[in-house]
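> Before anything else, here's the structure in question.
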Amino acid sequence: MFRDLVKNTRSYRRFVEAHPVPIATLHELIGCARLAASGNNRQPLKYMLSAERGRNATIFARLRWAASLKTWAGPQPGERPAAYIIVLGDKEVSQSFGCDHGIASQTIMLAASSLGLGGCMLGAVDREGLRADLSIAERYEILLVLAIGKPAETVVIDDAAPGSDVTYWRDAHDVHHVPKRTVAELIVG
929 MFRDLVKNTR SYRRFVEAHP VPIATLHELI GCARLAASGN NRQPLKYMLS
979 AERGRNATIF ARLRWAASLK TWAGPQPGER PAAYIIVLGD KEVSQSFGCD
1029 HGIASQTIML AASSLGLGGC MLGAVDREGL RADLSIAERY EILLVLAIGK
1079 PAETVVIDDA APGSDVTYWR DAHDVHHVPK RTVAELIVG
């Protein structure tokens, strides 16, 4: 059921780093994203892929993980993603990317989940450092970095009481909790 796929498509921040994600799998994920909606069907997104340990380390160094977990520095060696997809906006196609990168990225995450993988969309990126490290041309705006791999943590959804804090957190057993507002709280009118 589609609802189960959505429910299981969480933001994972710890992975089985030794579990490879073949470049062919990343191509398959981009194949799904290319079918997604695009404003005015401009299709301005491009993707830079990485499934190689050295290049992954270069990308990892330019990311900031889980701002709400103040005492956690991010994934340690052995629990870092096995692959990345850098989502780029091609300014020669369009100067505005609207919500295209959100639509495409969620499509990629759903497709990854359907393959038994997990991921995390990262917007906290040292964009200029990443641009320099990977020689990303100025024509491309770095929109998001998607971390992809085999999840190595448990993430659960908790129903949040109306008006309560919805900041994610980890319990004493290192289970990651994601409070979600109820449907009744979301519907207005």
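With the first letter of the sequence shown counted as 1, position 142 gets the number 1070 in our numbering; the numbers rise by one all the way through.
Every residue gets a Cβ at the ideal spot worked out from N, C-alpha and C, and that includes glycine.
Taking the beta carbon of S978 as the centre, do at least 16 other beta carbons fall within 10 Å, making it buried, or is it exposed?
With 16 or more other Cβ atoms within 10 Å, it is buried.
> Can you name, in chain order, every residue of its own chain whose Cβ lies under 7 Å from the Cβ of T1095, other than the five neighbours on each side?
If we look at T1095 and ignore the five residues flanking it on each side, its Cβ neighbours are S996.
> Please say whether W993 and I1048 have beta carbons closer to each other than 9 Å?
Note that residue 1048 corresponds to Cys in the displayed sequence, not to Ile. Yes, Cβ-Cβ distance for C1048 and W993 is below 9 Å.
> Determine which residues share a DSSP beta bridge with E1069 and list them.
Answer by DSSP bridge pairing, in chain order: G1017.
> Going by the beta-carbon positions, is the gap between A1010 and V944 smaller than 9 Å?
Yes, the Cβ-Cβ distance between A1010 and V944 is below 9 Å.
> State the Cα-Cα distance for the pair N968 and F1025, rounded to the nearest angstrom.
Each residue's alpha carbon lies about 10 Å from the other.
> Using the Cβ count rule (16 or more neighbours within 10 Å means buried), how would you classify S966?
So S966 ends up on the buried side.
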